[in-house]
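Everything on this sheet refers to the single structure shown next.
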Amino acid sequence: MNRQTKAIRIQTKKTQYREHSTPLFLTSSFSFESAEHGKALFDETEDGNIYSRFSNPSVQEFVDKVCMLENAESGLATATGMAAVFASMAGILKSGDHILACRALFGSAHQIITQILAKWGVTYTYLDADATEADWEAAVQPNTRMIYLETPSNPGLELVDLAMIGRVCKKYNLIFNVDNCFATPILQTPTDFGADLVIHSATKFMDGQGRVLGGVVVGKEEYIAPIRFFCRHTGPSMSPFNAWTLSKSLETLELRMEKHCQNALKLAQALEALPEVKKVNYPFLESHPQYELAKSQMSAGGAIVTIELEGGFERVSAFMDALEIATLSSNLGDTRTIITNPFTTTHSKLKPNEKAALGITEGLIRISVGLENIEDLIEDFTQAAVMSAEILVS
Numbered sequence: 002m003n004r005q006t007k008a009i010r011i012q013t014k015k016t017q018y019r020e021h022s023t024p025l026f027l028t029s030s031f032s033f034e035s036a037e038h039g040k041a042l043f044d045e046t047e048d049g050n051i052y053s054r055f056s057n058p059s060v061q062e063f064v065d066k067v068c069m070l071e072n073a074e075s076g077l078a079t080a081t082g083m084a085a086v087f088a089s090m091a092g093i094l095k096s097g098d099h100i101l102a103c104r105a106l107f108g109s110a111h112q113i114i115t116q117i118l119a120k121w122g123v124t125y126t127y128l129d130a131d132a133t134e135a136d137w138e139a140a141v142q143p144n145t146r147m148i149y150l151e152t153p154s155n156p157g158l159e160l161v162d163l164a165m166i167g168r169v170c171k172k173y174n175l176i177f178n179v180d181n182c183f184a185t186p187i188l189q190t191p192t193d194f195g196a197d198l199v200i201h202s203a204t205k206f207m208d209g210q211g212r213v214l215g216g217v218v219v220g221k222e223e224y225i226a227p228i229r230f231f232c233r234h235t236g237p238s239m240s241p242f243n244a245w246t247l248s249k250s251l252e253t254l255e256l257r258m259e260k261h262c263q264n265a266l267k268l269a270q271a272l273e274a275l276p277e278v279k280k281v282n283y284p285f286l287e288s289h290p291q292y293e294l295a296k297s298q299m300s301a302g303g304a305i306v307t308i309e310l311e312g313g314f315e316r317v318s319a320f321m322d323a324l325e326i327a328t329l330s331s332n333l334g335d336t337r338t339i340i341t342n343p344f345t346t347t348h349s350k351l352k353p354n355e356k357a358a359l360g361i362t363e364g365l366i367r368i369s370v371g372l373e374n375i376e377d378l379i380e381d382f383t384q385a386a387v388m389s390a391e392i393l394v395s
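Letter by letter, the sequence shown follows residues 2 to 395 of the numbering used here.
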């Protein structure tokens with residue numbers, strides 16, 4: 002079956018009630034058929050559910066669908082996307098290990114690597130997104146254990162060559178860990194390029210409607226096993242209700258991403274033609290410095306567009322106030338178009354030099370393009386760009 006069919010048809014085994022829609026297993030624990038059954042479950046000679054912190058049918062259905070979409074052997078779901086990011090590192094790395102990472106990271110991932118793991122004796126080295134294969138190889142140390150990256154990155158939409166990193170990881174026996182949130186498995190499957198672990202903030206496009214929080218990490222069982230142990234005993238479990246919601250959302254992920262990408266490309270093209278907009282950044286614009294790389298490893302450009310406006314935060318504020326459709330929020334991946342200024346929100350805790358290295362300026366605006374009528378969006382963003390420019394001049 003095609004994966005779109007599988008995303009709809011993978012579900013928990015029907016109960017005696019013969020339900021059509023998959024049921025929701027809102028239970029904290031599960032009963033044993035006998036004392037021997039309980040013993041077998043705990044000594045892992047028999048598979049089954051014990052406690053929803055460990056496993057739950059609703060959660061497993063969601064995980065199974067993501068594993069299918071990402072061509073992964075195994076996986077587990079977490080309460081949030083950042084819990085998945087943290088577990089993918091903390092469940093594997095130990096004191097004395099070294100991690101290589103692309104500098105273009107979401108703010109909280111940066112804090113995990115530089116502040117939290119550092120306290121545990123895990124060291125790190127950052128490389129730029131456009132670093133060469135020789136650069137990555139030169140950065141490998143005897144204690145390097147993992148390469149971690151986002152592509153496209155949040156918020157700069159910088160890309161990393163997945164095939165290249167796959168070769169480096171294979172050559173030096175490193176764990177290849179990819180945050181695939183922006184692309185989703187619909188546009189890009191990192192396992193095809195050798196990734197061992199793939200992470201998502203399911204809160205974003207997997208839910209797609211701003212309803213629930215969730216995270217998921219999938220990949221090779223040899224790496225999922227220690228992450229599962231870490232999560233089982235530290236407890237960042239996904240709520241069964243959230244998992245049920247997310248599993249249903251995956252049934253429409255492919256359809257939604259197709260429309261998101263169509264809208265995003267058209268909006269990016271329209272904004273690039275405006276003299277009131279200093280810069281537009283989108284992977285499938287020919288002006289993107291990594292356009293050819295984007296075309297080689299993504300089937301479409303995604304739903305995120307960034308623009309830069311002259312005039313700093315004053316201009317940004319005027320632009321946002323002039324918009325009539327878009328929502329101002331730090332979230333993304335919704336049916337509704339959302340905008341934020343990373344300089345003052347999602348990446349506000351970064352030091353000035355760190356923001357500069359990532360191209361996060363006062364005038365940067367991240368747009369999560371929704372599913373509204375594209376002509377309405379173009380009209381709204383155009384009038385906001387013109388009006389904010391006039392206000393600044395006056």
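Cβ coordinates follow ideal geometry from the N, Cα and C atoms, glycine included.
Since the model is a prediction, treat every value here as computed from it, not as a measurement.
The beta carbon of residue 275 lies closer than 8 Å to those of 383, 386, 387 in the same chain, with the five residues before and after it left out. Taking the CA atoms as reference points, residue 308 sits about 29 Å from residue 165.
Contact between residue 113 and residue 147 does not hold, since the beta-carbon distance rounds to 13 Å and is not under 8 Å.
A direct Cα-to-Cα measurement between residue 352 and residue 3 gives close to 46 Å. Beta-bridge analysis with DSSP links residue 220 to 75, 198. In this model, residue 291 and residue 95 are separated by some 35 Å (Cα to Cα). Boundaries of the beta strand (DSSP E) around residue 178: 176-180. Look at the stretch 45-91 and you find these whole runs of alpha helix (DSSP H), each 4 residues long or longer: 58-70, 82-91. Membership of residue 388 in the alpha helix (DSSP H) is indicated by the continuous run 375-394. With respect to the C-alpha of residue 355, the residue from 99, 7, 103 having the closest C-alpha is 103. DSSP places residue 255 in the helix class (H, G or I) of the three-state scheme. Burial state of residue 97 is exposed, judged by a 10 Å Cβ sphere holding fewer than 16 other Cβ atoms. The count of Cβ pairs closer than 8 Å, one atom from the stretch 4-13 and one from the stretch 33-47, stays below three, leaving the stretches out of contact.
Using a 10 angstroms sphere on the CB of residue 143, the tally of other CB atoms stays under 16, which defines it as exposed. Burial check for residue 229: the Cβ neighbour count within 10 Å reaches 16 or more, so the residue is buried. Excluding the 5 residues flanking it on each side, residue 277 has same chain C-beta neighbours closer than 7 Å at 386, 387, 390, in chain order.
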